[in-house]
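Enquirer:
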Amino acid sequence: YNNEDVAVLEASSIWKPNKVVEAKECYGTSSLEHPSVESLVTEMGDFYVGGRLHGLSSPKFPYKVQTPAEVRATLPEGKAVVAFQNRNPIHKAHFELLKCAQQDVKDSVLLVHPTCGPTQPGDIDGVVRIGTYEALKAETAEEFPMFRWAYLPYSMKMAGDR
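Counted the way the numbering used here counts, the sequence shown spans residues 12 to 173.
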């Protein structure tokens, strides 16, 4: 990942996929106008490899990323957790939704868990999106101490027809 060794794969199978079928099954279309189909065809390579994966280290990201165990450690024992996952920069309507959702579950913690990994053409970069979350976190920390924040470095792939 980004010229850094993060894992070793013990290849046990190698195959040439039928990307037209894969695109139709995953995205409902094989049109290259669909951003995820275009990525599948132009970026994924001609062969797929499967097998056992051995992790060496976590990739480095330009923002803080936590393991599932680290995220769980930020959540108090015995409290309900309301989770919000989003792929967009946060705005006022999102924040109002967060407040209402957390208030609907008595004595709960709200986990804001946005996807901030590689984007599709035209999307706002993950680092910029995180900036909006970090600004909101700083502005609301005192009033909303029950909010927790953890960023997912996942790629944003859109399924379904365009």
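Even for Gly, the Cβ is constructed at its ideal location relative to N, Cα and C.
1. Take the Cβ of residue 47 as the centre, count every other Cβ of all protein chains shown within 10 Å, and call the residue buried at 16 or more, exposed below.
2. Could you check what DSSP says for residue 23 in three-state terms: helix, strand or coil?
3. How is residue 11 classed by DSSP in three states: helix, strand or coil?
4. So residue 33 packs on residue 51, CB below 8 Å; how close in whole Å?
5. Taking the continuous alpha helix (DSSP H) assigned at residue 52, which residues delimit it?
6. Between 75, 55, 142 and 92, which has its C-alpha nearest residue 114's C-alpha?
7. Using the three-state DSSP reduction, which class does residue 151 fall into: helix, strand or coil?
8. Rank 154, 132, 15 and 165 by C-alpha distance to the C-alpha of residue 67 and give the top, closest one.
9. When the Cα atoms are used, what is the spatial distance from residue 72 to residue 163?
10. From the DSSP output, read off the bridge partner residues of residue 59.
11. Can a CB atom of chain B be found closer than 9 Å to the CB of residue 79?
Expert: On the basis of the supplied data:
1. As a position in the sequence shown, residue 47 is number 36, starting the count at 1. Flag for residue 47 reads buried.
2. For the purposes of this step, residue 23 is taken as the residue at position 12 of the sequence shown. DSSP places residue 23 in strand when its eight states are reduced to three.
3. Because the chain spans 12 through 173 in this model, residue 11 falls outside it and cannot be assessed.
4. For the purposes of this step, residue 33 is identified with residue 22 of the sequence shown, where counting begins at 1. For the purposes of this step, residue 51 is identified with residue 40 of the sequence shown, where counting begins at 1. Indeed, because the Cβ distance is near 7 Å, the residues count as touching under 8 Å.
5. Counted from its first residue, the sequence shown places residue 52 at position 41. Segment 46-54, the alpha helix (DSSP H) holding residue 52.
6. The residue given as residue 114 occupies position 103 in the sequence shown. Considering only alpha carbons, the answer is 92.
7. The count along the sequence shown starts at 1 and reaches residue 151 at position 140. Reduced to three states, the DSSP call for residue 151 is helix.
8. The sequence position of residue 67 within the sequence shown is 56, counting from 1. Closest by alpha carbon: 15.
9. Along the sequence shown, read from residue 1 onward, the residue named residue 72 stands at position 61. Along the sequence shown, read from residue 1 onward, the residue named residue 163 stands at position 152. Looking at the backbone, the Cα of residue 72 and that of residue 163 are separated by about 10 Å.
10. Working through the sequence shown from its first residue, we reach residue 59 at position 48. Partner(s): 26.
11. Absent here is chain B; the protein component of the structure consists of one chain.
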